[in-house]
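Reviewing the structure listed below.
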Amino acid sequence: RYSIDADGDAIPDSYEGCHLEELFIQADGTWPKPDKSNPAHICKDPVDTDGDSHHDYIDLDSDGDGLPDAFEFANRHLGYNYLLKDSDNDGADDLVEFGAGTNPGDKEDNPKTRGNFVFLAPYDKETTPHRETLSFETAIQTIDLFFVFDHTGSMGAEIQSLKSALKEIINDLQCKDLGKACSDNIDCSTLPNSICSEQGRCITSPQYGAGCFDNMWTGLGYYSHANTFWVAAQLSPDSSKTVTMMDRTFNGWGFCSYGNYEVPYQAPICAVLGTKEYNGKQLCYNWGSNTCLTASCSPKSECKMNCSNDPNRLGCAGFRKDAIRIYVQAFDEEECSDGTSKANCAAYQSNVGPILKENKVKFIGLYSDESTTYKDYANDNSKQNVDMSYVAEYIGKASGTVDKNGKPFAYKAADSAVAENAKAGIRAISKNMPIQITTEVVDIDPGASKLVEKLELNMSEQTVHNRICTKLDASKVVIQDYPMINDLMPGTSVCFDVIPVQNQKVIKPVSEPKVYKARVNVLGDGSVLNSGIAYFLVPGEIEQEIVN
Numbered sequence: 022r023y024s025i026d027a028d029g030d031a032i033p034d035s036y037e038g039c040h041l042e043e044l045f046i047q048a049d050g051t052w053p054k055p056d057k058s059n060p061a062h063i064c065k066d067p068v069d070t071d072g073d074s075h076h077d078y079i080d081l082d083s084d085g086d087g088l089p090d091a092f093e094f095a096n097r098h099l100g101y102n103y104l105l106k107d108s109d110n111d112g113a114d115d116l117v118e119f120g121a122g123t124n125p126g127d128k129e130d131n132p133k134t135r136g137n138f139v140f141l142a143p144y145d146k147e148t149t150p151h152r153e154t155l156s157f158e159t160a161i162q163t164i165d166l167f168f169v170f171d172h173t174g175s176m177g178a179e180i181q182s183l184k185s186a187l188k189e190i191i192n193d194l195q196c197k198d199l200g201k202a203c204s205d206n207i208d209c210s211t212l213p214n215s216i217c218s219e220q221g222r223c224i225t226s227p228q229y230g231a232g233c234f235d236n237m238w239t240g241l242g243y244y245s246h247a248n249t250f251w252v253a254a255q256l257s258p259d260s261s262k263t264v265t266m267m268d269r270t271f272n273g274w275g276f277c278s279y280g281n282y283e284v285p286y287q288a289p290i291c292a293v294l295g296t297k298e299y300n301g302k303q304l305c306y307n308w309g310s311n312t313c314l315t316a317s318c319s320p321k322s323e324c325k326m327n328c329s330n331d332p333n334r335l336g337c338a339g340f341r342k343d344a345i346r347i348y349v350q351a352f353d354e355e356e357c358s359d360g361t362s363k364a365n366c367a368a369y370q371s372n373v374g375p376i377l378k379e380n381k382v383k384f385i386g387l388y389s390d391e392s393t394t395y396k397d398y399a400n401d402n403s404k405q406n407v408d409m410s411y412v413a414e415y416i417g418k419a420s421g422t423v424d425k426n427g428k429p430f431a432y433k434a435a436d437s438a439v440a441e442n443a444k445a446g447i448r449a450i451s452k453n454m455p456i457q458i459t460t461e462v463v464d465i466d467p468g469a470s471k472l473v474e475k476l477e478l479n480m481s482e483q484t485v486h487n488r489i490c491t492k493l494d495a496s497k498v499v500i501q502d503y504p505m506i507n508d509l510m511p512g513t514s515v516c517f518d519v520i521p522v523q524n525q526k527v528i529k530p531v532s533e534p535k536v537y538k539a540r541v542n543v544l545g546d547g548s549v550l551n552s553g554i555a556y557f558l559v560p561g562e563i564e565q566e567i568v569n
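Residues 22 to 569 in our numbering are what the sequence shown lists, from first letter to last.
Here it is as structure tokens:
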């Protein structure tokens, strides 16, 4: 007994055996009937397209491209040809085009023209190619802005200035949405000065022009004398909450937390630690048990700090762990020792920098005026006139919040100037403060990240996907499986080569080829700046009993 389709691929043996054009399937989907000259369509020499010693009529993958004949034949309208390993002869095999989602019948549509690449990762066999390059922007996308004010009466004009301008500041700093969803930078390549944001939208690149951010949260805190810090608005994506609390908490007396004797060295500590100890010492305490979030508050209100209790957030202010954390403090006096012991003031002054630095919180100081106080609480024996620029610069330097020239982000911002200088300081940090770059590979599809052996920094100075693989100072680079770069200026383009695991035994094949995706993240100070996708195609296992 002979079968008309020995391999069960829906292509008659009479055609597969001879490849006679007159036997090709007709437009109506039927096969031509036998003619008088060769009524049985007999072939003296059956064809073996891929040379694997299995004639096509008993070969489930006639061209040996890893795609079953039945699949390619059923999808011939999509450009597949089951007799050609590379149907459109564009250099990308049909299996690769299947994995990339490109058209196997169109020379102009393939992974290279789209800027993608696909690793072929058969089970326990060689993975090819052995490396491919991804390019990345390193501009900052995600930030938390926590504004803190000295809440005594002399700061009224500064608070009102920021309150009236905050919405405008947010709008000015927000990257424009370009109206297109994306999963990778390549999806935005047709849009000028664009990037795929971490929220899956094509946006104006954060490094373009004056600079912008895609994902901003804001919050608000106040303080006056020692242990009066409190959070009026915890960090959230809704800036209206911050604006509302600026208005509701500022009453006719000029403050909620009673008194003067301002402690600008302590406030940042409280925002980061709350009541937690640092090196065995508690540096911040609640001043009373009231939650001062009512429509108005009377003078002498004793407020508790109102810290975030979200375990996924950082500190009393509730910073996100995946954001660049920026603490903006506006103040006009430093009179700590008039309200508490000099020893306490010395502890605030000496610890504020390390605490901010260890928790990766950047400091912007908006200062005005001067005070008669101690410049160095630990060592000075007498007070002197101290300009508040000294305090702002001291905290900036101690926390490591400095530009490439070692200059802190401190701005004189009396009265209405506070809003404009706040915006200038935020932009300056995003463009001029060196950051530490780290890398990671995470699953999009289960197991995909385990198909990456390592990443290698590419400093070839070549252009990949319209970005330069920048040559960096080798002393700044830490070579490891997932490289690290120290002191990189935000916005510098970088490239990493993806090195796949060879002879992978992570993902076993199934009946059809399957694509697995891994996301390569580039982080700046712990916040994702940009990401790319590595595609892995695990060929299917083509097995079927041959019928005779």
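Even glycine gets a Cβ: it sits at the ideal position worked out from N, Cα and C.
* Asked: So, are the CB atoms of A440 and T361 less than 8 Å apart?
  -> No, these two residues do not count as a Cβ contact at 8 Å.
* When you compare only the Cα positions, how much space is there between N206 and D145? -> Straight-line Cα distance between these residues: approximately 32 Å.
* Asked: Apart from the five residues on each side of it in sequence, which residues of its chain come closer than 7 Å, Cβ to Cβ, to G553?
  -> L155, F157, D205, N206 and V541
* Contact belief for E355 with P285 at Cβ below 8 Å, rounded distance in angstroms -> 5 Å
* To do: State the start and end residues of the unbroken alpha helix (DSSP H) segment that holds L116.
  => D115 to A121
* To do: For the segment 183 to 235, list the beta strand (DSSP E) runs that are entirely contained and at least 3 residues long, ordered along the chain.
  => 198 to 202, 215 to 217 and 222 to 225
* Would you say V499 faces chain B, with C-beta separation under 8 Å as the test? -> The structure shown contains no chain B, having only a single protein chain.
* Got a sec, what are the start and stop residues for the beta strand (DSSP E) G386 sits in? -> Start and end: V382 to Y388.
* **Meets three-Cβ-pair contact criterion under 8 Å: the segment 467 to 485 and the segment 507 to 520** => With the rule of 3 Cβ pairs closer than 8 Å, the segment 467 to 485 counts as touching the segment 507 to 520.
* Neighbourhood of D86 by C-beta, 6 Å cutoff - its chain only, sequence neighbours within 5 removed -> Closer than 6 Å at the Cβ level, and outside the excluded window around D86, lie K106, D114, D115 and L116.
* C324 vs G295 beta-carbon contact at 8 Å -> no
* Asked: Would you call the segment 158 to 170 and the segment 532 to 540 in contact, with 3 or more CB pairs under 8 Å?
  -> no
* Through-space distance from S210 to S108, alpha-carbon basis -> Straight through space, the alpha carbons of S210 and S108 are spaced by roughly 27 Å.
* To do: Could you tell me which of R152, A435, Y556 and G512 sits nearest to L550, measuring between CA atoms?
  => G512
* Per-residue DSSP class, three states only, for E562 -> DSSP, reduced to helix, strand and coil, places E562 outside both helices and strands of the structure shown, so it counts as coil.
* How many angstroms separate the CA atom of Q228 from the CA atom of K526? -> 41 Å
* Evaluate I500 with the Cβ neighbour count: other Cβ atoms within 10 Å of its Cβ, from every protein chain shown; 16 or more gives buried, anything less gives exposed. => With fewer than 16 other Cβ atoms inside 10 Å of its own Cβ, I500 counts as exposed.
* Three or more C-beta pairs below 8 Å linking the segment 442 to 457 and the segment 217 to 226 -> no
* **Rounded distance between the beta-carbons of P289 and F352, thought under 8 Å** => Between F352 and P289 a beta carbon distance of about 11 Å is seen, past the 8 Å cut, so the two are scored as non-contacting.
* If Y369 sits next to L304, beta carbons under 8 Å apart, how far is it from one beta carbon to the other, in whole angstroms? -> In this structure Y369 touches L304 by the C-beta definition: roughly 7 Å separates them, less than 8 Å.
* To do: Classify Y243 as helix, strand or coil using the three-state DSSP reduction.
  => strand
* Look up S392 in the DSSP assignment and say whether it is helix, strand or coil. => strand
* How many angstroms separate the CA atom of D502 from the CA atom of N131? -> 30 Å
* To do: Starting from S371, follow the alpha helix (DSSP H) in both directions and report where the run begins and ends.
  => K363 to E379
* **Supposed close pair D165, I450 - CB separation, criterion 8 Å** => So it is not a contact: roughly 12 Å between Cβ atoms.
* Could you name the residues of the same chain whose beta carbon sits closer than 7 Å to that of N214, not counting the 5 residues immediately before and after it, in chain order? => Excluding residues within five positions, the ones whose Cβ falls inside 7 Å are T225, S226 and Y229.
* Asked: Helix, strand or coil: which one does DSSP assign to V499?
  -> strand
* Asked: Using CA coordinates, which residue listed in S358, P150 and N124 is at the minimum distance from N402?
  -> S358
* Asked: With C-beta atoms as the reference, is C196 less than 8 Å away from F234?
  -> yes
* To do: Figure out for me which residue from E147, T460, T249 and A419 has the closest Cα to the Cα of N507.
  => Among E147, T460, T249 and A419, the Cα nearest to that of N507 belongs to T460.
* Alpha-carbon spacing of E189 relative to R448, whole angstroms -> 14 Å
* **Residue environment, P560, which counts as buried when at least 16 other CB atoms sit within 10 Å** => Around the beta-carbon of P560, 16 or more other beta-carbon atoms lie within 10 Å, marking it buried.
* **Continuous beta strand (DSSP E) assignments of at least 3 residues falling wholly in the segment 455 to 510** => 456 to 464, 473 to 479 and 505 to 509
* Please confirm whether G200 and K381 have their CB atoms less than 8 Å apart. => no
* Quick one: grab the DSSP three-state call for L44. => With a pLDDT of 46 at L44, under the threshold of 50, the modelled position of that residue is not reliable, and no figure is offered here.
* Integer-rounded CB distance, given that L544 should sit under 8 Å from I465 -> Wrong, their Cβ atoms sit about 17 Å apart, outside the cutoff.
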